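Chemist:
Residue numbers (the numbering used here), protein chains in the order written: chain A, 33 to 322; chain B, 33 to 322.
1. Would you call residue 225(B) buried or exposed, if buried means 16 or more other Cβ atoms sit within 10 Å of its Cβ?
2. Listed from N- to C-terminal order along the chain, which residues in the stretch 206 to 219 of chain B have their beta-carbon within a distance smaller than 8 Å of any beta-carbon of chain A?
3. Mind reading off the beta-carbon distance from residue 266(A) to residue 267(B)? Whole number of angstroms is fine, and I expect it under 8 Å.
4. Return the first residue and the last residue of the alpha helix (DSSP H) that residue 271(A) is part of.
5. Identify every residue that forms a DSSP beta bridge with residue 38(B).
6. Buried or exposed: which applies to residue 262(A), given that a residue is buried once 16 or more other Cβ atoms fall within 10 Å of its Cβ?
7. Going along the chain, which residues of its own chain have a beta-carbon closer than 8 Å to the beta-carbon of residue 110(A), five neighbours each way excluded?
8. Give me, in chain order, the residues of the same chain whose beta-carbon lies closer than 8 Å to that of residue 297(A); leave out the 5 immediate sequence neighbours on both sides.
9. Which runs of the beta strand (DSSP E) at least 3 residues long sit entirely within the stretch 139 to 203 of chain A? Give them in chain order.
10. CB-CB under 6 Å to residue 258(A), same chain, minus the five flanking residues each way: which ones, in chain order?
11. Using a Cβ-Cβ distance cut-off of 7 Å, determine whether residue 298(A) contacts chain B.
12. Taking a Cβ distance cut-off of 7 Å, strictly less, list which residues of the stretch 254 to 283 of chain B are near chain A, in chain order.
13. Need the endpoints of the alpha helix (DSSP H) that residue 244(B) sits in, please.
14. Please confirm whether residue 290(B) has its beta-carbon closer than 7 Å to some beta-carbon of chain A.
15. Using 7 Å as the threshold, is the C-beta distance between residue 245(A) and residue 88(A) below it?
16. Alpha carbons only, please: which of 249(A), 102(A), 269(A) is nearest the one belonging to residue 260(A)?
17. Which of the three DSSP states is assigned to residue 96(A) in this structure?
18. Relative to the alpha-carbon of residue 97(B), which residue among 120(B), 126(B), 81(B), 90(B) has its alpha-carbon at the smallest distance?
19. Using the Cα positions of residue 310(B) and residue 316(B), report the straight-line distance between them to the nearest angstrom.
20. With a cut-off of 8 Å, do at least 3 Cβ pairs link the stretch 151 to 169 of chain B to the stretch 50 to 64 of chain B?
21. Strictly below 7 Å CB to CB, what residues from chain B border residue 223(A)?
22. By a C-beta neighbour count over all protein chains shown, 10 Å radius and 16 as the cutoff for buried, is residue 118(A) buried or exposed?
23. Cα-Cα, which of 76(B), 188(B), 299(B), 278(B) is closest to residue 90(B)?
24. Beta carbon of residue 40(A), beta carbon of residue 95(A): below 7 Å?
25. Report the residue from 153(B), 212(B), 71(B), 191(B) whose alpha carbon sits nearest the alpha carbon of residue 171(B).
26. For residue 66(B), which residues from the same chain have a beta carbon less than 8 Å from its beta carbon, with the 5 sequence-adjacent residues on both sides left out?
27. I want to verify the contact list: residues of chain A whose CB lies under 9 Å from the CB of residue 313(B), in sequence order.
28. Within 6 Å: the Cβ of residue 125(A) and any heavy atom of the ligand ZN?
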């Protein structure tokens with residue numbers, strides 16, 4: 033199954049037979065204090081820098097989130113989208129819990145964007161899905177039900193199914209739904225990795241949809257998070273995940289390696305090109321910092 | 033299925049429901065010039081250092097290979113085994129192509145060792161399996177037939193089957209056979225990773241045996257080999273590999289992370305302990321080098 037995203041001139045195809053798709057996660061003030069302040073100041077140079085840097089390091093799509101207590105998010109979202117599009121031309125992933133902020137972002141985004149996200153709660157489905165349908169967008173559906181995050185793979189399958197079926201009733205095709213099977217930290221629950229992998233397996237078997245994963249939650253609270261995140265990404269891709277909202281600078285090379293090992297990179301061309309490109313970027317960025 | 037290895041006092045159990053087992057690969061003069069010279073000089077201090085360091089970094093078993101053109105390997109093998117056993121007490125993996133060198137090593141090795149290796153060529157089966165049987169050892173069976181390394185997963189399954197069946201006829205139980213499905217470099221053939229993963233799947237389904245992998249061949253000739261090796265290890269473990277001959281210093285943390293993610297590490301105890309231990313070792317080794 034292929035999920036298609038588009039910018040003005042670029043098409044990104046998500047699918048098990050395609051290279052893994054990276055959504056750059058960094059345009060999000062949660063955890064980046066400097067970005068929050070820049071948005072408060074309506075200074076969009078830092079947004080442009082984050083957009084360019086992530087695309088240079090291999091992001092195929094950019095997530096845009098403006099969640100910050102001191103700003104009018106619905107007013108700022110379109111300005112951030114325009115700042116991003118002034119420097120890069122990739123499909124966007126408009127990220128908010130608030131329908132009116134999603135609408136504000138989607139209105140100024142060309143092509144076919146991704147909406148991040150809807151979950152399986154009745155209220156969310158009723159407010160977010162119509163926006164997705166009107167805009168002709170694709171949407172990330174979090175495997176969460178009315179009672180929160182299901183503890184079992186079967187529960188997450190049911191939550192995913194509810195989203196897919198509700199969307200179908202509204203005329204949103206199944207290929208426009210990307211399910212996030214959710215991952216909790218293995219630091220708190222040693223079975224968290226297995227529960228997510230089993231959820232991916234069940235959802236793939238039942239629906240064959242594309243699946244997305246935030247690959248860094250899994251290691252929260254643990255030391256040497258990179259070893260855990262990169263291993264989990266490999267396990268999740270082999271099980272059926274096809275896209276991730278992540279940091280391309282940290283995980284880009286692991287992702288290229290996984291594609292190569294799974295036979296999606298003829299003559300290692302993408303792997304080698306990525307290595308040469310990022311080696312150059314690393315040297316350039318080190319020179320700027322000196 | 034459990035494969036049991038033993039030293040004088042320690043038992044290592046290999047199995048899909050157990051933590052992944054690491055065979056330290058470093059006692060092998062191929063590629064370590066300093067070790068080759070030490071063996072020529074019959075100076076075993078460096079052997080002892082390599083043994084202690086690998087066990088400190090998490091090796092469960094140690095491979096012992098003395099292949100070097102300038103020495104009498106059958107005479108040196110027992111001395112190296114004795115040097116190793118004078119500083120660590122872990123099961124050993126006696127590594128040679130020559131039956132008489134294997135015999136020389138096995139004679140002085142206590143407990144239940146592993147033999148590295150036999151392949152599916154008639155001549156090798158006829159010379160190595162009797163040694164394994166006489167000693168009551170376990171053996172690594174390389175999925176190679178009379179015509180060399182099979183290009184297809186079905187060919188590797190057949191080679192593995194030939195080894196298992198020939199061993200059975202001689203009274204070697206299937207749990208004492210650890211199959212190596214072989215991995216070629218993806219730098220030369222982009223399908224090499226997939227062929228190995230599919231071979232693992234077929235062999236697991238047909239025989240349920242433990243499988244071993246040399247995890248670093250896969251990245252030969254590529255840059256940033258660590259990204260490729262660690263990703264491949266995750267893919268291979270998820271598919272059915274339970275033991276690897278590898279460098280514990282480079283891949284120990286990835287292996288602990290994979291075990292954690294696959295639900296084999298209650299409360300992250302092993303992962304956290306390994307991190308604290310290796311952080312200390314890293315500091316100590318850095319201090320010695322200054």
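Idealized CB from N, CA, C, for every residue including glycine. Here the structure is a predicted model, which is why all the values come from computation and not from measurement.
Modeler: According to the data block:
1. buried
2. 218, 219
3. 5 Å
4. 257 to 271
5. 43(B), 144(B)
6. buried
7. 136, 137, 139, 140
8. Listed in chain order, the non-local C-beta contacts of residue 297(A) below 8 Å within the same chain comprise 51, 288, 291, 303, local neighbours out to five positions each way being set aside.
9. 146 to 151, 170 to 174
10. none
11. Taking 7 Å as the CB threshold, residue 298(A) lines the interface with chain B.
12. Those would be 254, 255, 256, 259, 260, 262, 263, 264, 266, 267, 270, in chain order.
13. Segment 242 to 245 is the beta strand (DSSP E) holding residue 244(B); no alpha helix (DSSP H) there.
14. With 7 Å as the cut-off, residue 290(B) counts as an interface residue toward chain A.
15. no
16. 249(A)
17. strand
18. 126(B)
19. Approximately 10 Å between the Cα atoms of the pair.
20. no
21. Correct list: 295.
22. Label assigned to residue 118(A): exposed.
23. 278(B)
24. In terms of Cβ geometry, residue 40(A) and residue 95(A) do not form a close pair [threshold 7 Å].
25. 212(B)
26. So the qualifying residues of the chain are 78.
27. Near residue 313(B) there are no residues of chain A at all, since even the closest Cβ is about 14 Å away, more than 9 Å.
28. As far as ligands go, the structure on display features none, and thus does not contain the ligand ZN.
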